[in-house]
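Engineer: Chains as they are written, first to last, in the UniProt record's numbering: chain W, 1 to 271; chain P, 1 to 271. Heads up, the beta-carbon is just placed ideally off N, CA and C, and yes, glycines get one too. Small disclaimer: the values here were computed from a predicted structure and weren't measured.
Number of protein chains: 2
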Amino acid sequence: MSDHTNKDGPREMARIGKDTPSRPAGRLTRIKLSDQITEEIRRRISREGLHPGDRLPNERSLMEYYGCSKGTIREALKALEVEGLLRMVSGPNGGPEVQAASIDIVTQQLRRYLHFQKLDFAQVYELRQTLEVVLARNVTGRLTEEHLTRLAQNIALCDAANQAQDRERVRTAETEFHDILCEASDNVMLIFMCRFLNSMLRDLVSYRSEAMVEHDHFGAHNVDAHRDLLAAFRARDADAAAAIMSEHMDCASRFMRKLDASFHMDRILTR
Amino acid sequence: MSDHTNKDGPREMARIGKDTPSRPAGRLTRIKLSDQITEEIRRRISREGLHPGDRLPNERSLMEYYGCSKGTIREALKALEVEGLLRMVSGPNGGPEVQAASIDIVTQQLRRYLHFQKLDFAQVYELRQTLEVVLARNVTGRLTEEHLTRLAQNIALCDAANQAQDRERVRTAETEFHDILCEASDNVMLIFMCRFLNSMLRDLVSYRSEAMVEHDHFGAHNVDAHRDLLAAFRARDADAAAAIMSEHMDCASRFMRKLDASFHMDRILTR
DNA sequence: CTAGATTTGTTCGTATGTATC
DNA sequence: TGATACATACGAACAAATCTA
């Protein structure tokens with residue numbers, strides 16, 4: 001019944017050139033069956049314009065359709081799951097469910113890329129310095145009343161954490177202020193980049209200097225800057241917001257240098 | 001010998017809260033064994049500081065070590081392969097080989113994220129307008145003689161493509177100019193972001209307007225701007241380079257609007 | 001709330017293709 | 001030219017999760 005070698009169905013046994021960089025012989029290799037199916041399903045999601053929540057055929061149907069075994073289908077689906085395009089649902093009416101790739105998955109992926117690169121935090125601030133200014137302009141006039149009250153609450157929280165000298169809470173609260181700004185933006189790329197940089201600063205920064213005075217000054221500056229920003233946002237003054245943010249980033253960058261900050265590159269893969 | 005239920009070894013049957021957004025019941029779910037192993041191996045790569053080219057134990061060894069079957073190990077390795085951290089090598093002395101996650105994999109991942117977002121190109125230019133200026137400053141004085149000659153060659157190529165009215169070649173050549181600049185930068189995050197935006201403009205832009213005159217003007221402007229940039233780079237004048245780049249991006253943005261440019265969002269998943 | 005049905009998750013055994021020696 | 005070591009693929013079965021009656 002079942003013929004091992006080849007079947008009908010949509011699969012073509014395309015032989016493509018696949019670079020094998022570190023091996024001496026960069027030869028022609030048969031593309032893995034599961035990878036072919038992965039690509040097929042991706043195209044299908046794109047072509048049929050599937051939306052988050054839509055279901056793909058279950059494993060059994062896919063096995064029959066592509067004429068392959070369960071393990072192969074599972075590998076193909078696994079790839080799409082890792083890419084964030086699917087999630088598997090078990091039970092009746094289960095099966096692969098289309099998902100919108102989340103910002104977290106892309107964040108993790110970008111971190112994995114940076115793990116093997118030479119990243120210091122001067123680079124991060126070189127970017128943040130301009131991106132946060134663009135963000136400040138972008139959200140001015142777009143922040144709702146609810147956003148503004150949450151920003152005010154965040155400042156209070158930040159202030160309290162500073163008083164308690166709880167550095168961990170200070171850091172999370174400080175980055176959350178900027179994350180709230182992102183929520184008001186309509187530029188998805190800008191949002192991604194700013195949130196990515198925020199997450200790096202939240203999760204991966206360590207200070208070699210323990211000087212309490214400097215840390216306190218840093219915290220006080222942040223609260224002041226955020227207060228000024230909030231005022232500018234309330235006044236819907238984009239130029240003022242941009243100017244304050246620019247100054248804020250300059251100061252933060254200097255403080256970080258003074259506190260001898262660096263990234264925990266050893267945590268970048270796993271967190 | 002082999003006991004089905006549970007084994008010693010590093011695996012803990014941790015039950016964690018896993019959100020199931022679109023399903024009614026967001027219940028506790030056992031984390032998939034293959035996912036646990038994926039995480040374990042990721043930690044291992046990080047902890048042992050493995051470098052690209054290093055080999056992991058082969059499938060059989062991993063099966064024994066984690067006390068699970070081939071299919072499970074294969075799914076775990078598949079995940080790491082998709083993440084770009086591994087590639088599989090068959091044959092003697094084969095096995096999973098550690099790889100540095102490539103910029104292309106991250107690019108694809110970010111595109112997959114954008115597929116489900118509302119992305120228009122005004123957003124792209126809002127970013128590019130500032131990022132390319134930062135890049136111009138960053139690479140001034142860092143461009144080698146070789147870079148400069150390649151930029152000059154690229155300008156000649158761009159000019160020729162313009163004369164021939166070959167829009168496809170014009171577009172690839174124009175973005176390549178900016179990619180060459182990236183090569184000279186030392187800021188890996190900046191490089192990634194600029195190259196990502198470049199690739200979007202190269203692969204996914206379509207023009208609704210076919211007005212030849214406008215396209216010719218656009219092409220002529222680009223060549224002029226690139227020539228001016230090259231001169232500024234040669235003079236190692238960062239301020240001039242930044243000013244020219246800023247003007248260049250402004251113009252490009254206007255041209256794109258006039259030509260009624262938009263993204264082929266239907267190609268973003270598969271290309 | 002229980003019982004059965006449905007579907008994913010995992011295992012074992014086996015066979016085949018592929019690269020190295 | 002094998003022989004070897006490894007990934008790749010198949011198939012049948014059972015376990016676990018989850019929906020529905």
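Which term fits Ser209/W, buried or exposed, when burial requires 16 or more other beta carbons within 10 angstroms of its beta carbon?
Structural biologist: Exposed, by the Cβ-count rule.
Engineer: Could you please give the first and the last residue of the uninterrupted alpha helix (DSSP H) stretch that includes Met265/W?
Structural biologist: Unbroken run through Met265/W: none, as it is neither H nor E.
Engineer: Check distances from the C-beta atoms of the stretch 159–180 of chain P to those of chain W and list, in chain order, the residues that come in under 9 Å.
Structural biologist: Under the 9 Å Cβ criterion, the stretch 159–180 of chain P contributes no residue.
Engineer: Per DSSP, Glu97/P forms a beta bridge with which residues?
Structural biologist: Paired residue(s): Arg55/P and Arg87/P.
Engineer: How many angstroms separate the CA atom of Arg112/W from the CA atom of Leu85/P?
Structural biologist: Using only the alpha carbons, I get a separation of about 8 Å.
Engineer: Could you please give the first and the last residue of the uninterrupted alpha helix (DSSP H) stretch that includes Ser253/W?
Structural biologist: Start and end: Ala238 to Lys258.
Engineer: Just to confirm the assignment, what range does the alpha helix (DSSP H) spanning Ser46/P have?
Structural biologist: Looking at the DSSP string, the run of the alpha helix (DSSP H) that includes Ser46/P is Leu33 to Arg47.
Engineer: Keeping to the same chain, check which residues put their C-beta closer than 6 Å to that of Asn198/W; ignore five residues upstream and five downstream.
Structural biologist: Counting only Cβ-Cβ distances below 6 Å, and skipping sequence neighbours, we find Thr175, His178 and Asp179.
Engineer: Helix or strand or just coil, what does DSSP make of Arg30/P?
Structural biologist: Three-state DSSP puts Arg30/P in a strand.
Engineer: Taking Asp203/W as the reference, give the member of Ile31/W, Ser262/W and His248/W with the closest Cα.
Structural biologist: Of Ile31/W, Ser262/W and His248/W, the residue nearest in Cα terms is Ser262/W.
Engineer: By alpha-carbon positions, which one of Pro52/W, Met212/W and Arg43/W ends up nearest to Asn162/W?
Structural biologist: Ranking Pro52/W, Met212/W and Arg43/W by Cα distance to Asn162/W puts Met212/W first.
Engineer: Going along the chain, which residues of its own chain have a beta-carbon closer than 8 Å to the beta-carbon of Val205/W, five neighbours each way excluded?
Structural biologist: Here the set comprises Phe121, Arg171, Met256, Ala261, Ser262, Phe263 and His264.
Engineer: Specify the secondary structure class of Ser199/W as computed by DSSP and reduced to three states.
Structural biologist: Three-state result, Ser199/W: helix.
Engineer: Going by DSSP, name the residue or residues bridged to Val205/W.
Structural biologist: Val205/W is bridged to Phe263/W.
Engineer: Whole angstroms are fine: how far does the CA of Glu146/W sit from the CA of Arg60/P?
Structural biologist: Rounded to the nearest angstrom, the two C-alpha atoms are 56 Å apart.
Engineer: Closer than 8 Å is the cut-off here; do at least three beta carbon pairs connect the stretch 89–105 of chain P with the stretch 139–154 of chain P?
Structural biologist: Cβ pair count under 8 Å is below three, so no.
Engineer: Helix, strand or coil for Glu132/P per DSSP?
Structural biologist: Note: Glu132/P maps to helix in three-state DSSP.
Engineer: According to the neighbour-count rule (16 or more other Cβ atoms, all chains shown, within 10 Å of its Cβ), is Thr29/W buried or exposed?
Structural biologist: So Thr29/W counts as exposed.
Engineer: Taking the Cβ atom as the reference point for each residue, do Arg127/P and Leu181/W lie within a distance shorter than 8 Å?
Structural biologist: Strictly speaking, residue 127/P in this sequence is Leu, with Arg absent from that position. Not a contact, by the Cβ cut-off of 8 Å.
Engineer: Could you pull out every residue in the same chain whose Cβ sits closer than 6 Å to the Cβ of Arg55/P, ignoring the five residues on either side in sequence?
Structural biologist: Only Gly95 and Glu97 meet the Cβ criterion.
Engineer: Determine the chain W residues that contact Arg112/P at a beta-carbon separation under 7 Å, and present them in chain order.
Structural biologist: Those are Glu83, Gly84, Leu85 and Ala101, listed as they occur along chain W.
Engineer: Would you verify that the beta carbon of Arg254/P is, or is not, closer than 8 Å to some beta carbon of chain W?
Structural biologist: With 8 Å as the cut-off, Arg254/P does not count as an interface residue toward chain W.
Engineer: Please classify Ala232/W: is it buried, with 16 or more other beta-carbons within 10 angstroms of its beta-carbon, or exposed?
Structural biologist: The residue is buried, with at least 16 neighbouring Cβ atoms inside 10 Å.
Engineer: Kindly list, in the order they appear in chain W, the residues whose Cβ is closer than 7 Å to that of Asp266/P.
Structural biologist: Within chain W, the residues near Asp266/P are Ser46.
Engineer: Does Gly71/W have its Cβ less than 8 Å from a Cβ in chain P?
Structural biologist: Output row for Gly71/W: interface = yes.
Engineer: Going by DSSP in three states, Pro24/W sits in which element: helix, strand or coil?
Structural biologist: The predicted model places Pro24/W with a pLDDT of 35, which falls under 50 and marks its position as unreliable; any figure quoted below should be read in that light. Coil, per DSSP.
Engineer: Starting from the C-beta of Val223/P, find all residues in its chain whose C-beta is less than 8 Å away, skip the five residues before and the five after it, and write them out in chain order.
Structural biologist: Here the set comprises Ile155, Cys158, Asp159 and Asn162.
Engineer: Within its chain, find whatever has a CB closer than 8 Å to the CB of Arg227/P; leave out the 5 residues flanking it on each side and keep chain order.
Structural biologist: Only Ile155 meet the Cβ criterion.
Engineer: Please confirm if the stretch 235–251 of chain P is in contact with the stretch 72–81 of chain P, defined as three or more CB-CB distances below 8 Å between the two stretches.
Structural biologist: No: fewer than three Cβ pairs fall under 8 Å.
Engineer: I'd like the list of long-range same chain contacts for Val133/P, defined as Cβ closer than 6 Å, with 5 residues on each side in sequence excluded.
Structural biologist: Closer than 6 Å at Cβ, skipping near neighbours: Ala242, Met245 and Ser246.
Engineer: Assuming contact is defined by CB atoms lying nearer than 8 Å, are Arg42/W and Leu80/W in contact in what I supplied?
Structural biologist: Cβ distance < 8 Å, so Arg42/W and Leu80/W count as in contact.
Engineer: Along chain P, in chain order, which residues have C-beta atoms closer than 9 Å to that of residue 282/W?
Structural biologist: Shown here, chain W extends from 1 to 271; a query on residue 282/W therefore has no answer.
Engineer: Does any residue of chain W have a CB that is nearer than 8 Å to the CB of Gln109/P?
Structural biologist: Gln109/P counts as touching chain W.
Engineer: So the candidates are Leu114/P, Gly67/P and Leu135/P; which of them puts its Cα closest to the Cα of Ile268/P?
Structural biologist: The residue with the shortest Cα to Cα distance from Ile268/P is Leu114/P.
Engineer: Specify the secondary structure class of Ala225/W as computed by DSSP and reduced to three states.
Structural biologist: If DSSP states are grouped into helix, strand and coil, Ala225/W belongs with the helices.
Engineer: Report buried or exposed for Gln99/W, applying the criterion of at least 16 other Cβ atoms within 10 angstroms of its Cβ.
Structural biologist: Buried, because 16 or more other Cβ atoms sit within 10 Å of the Cβ of Gln99/W.
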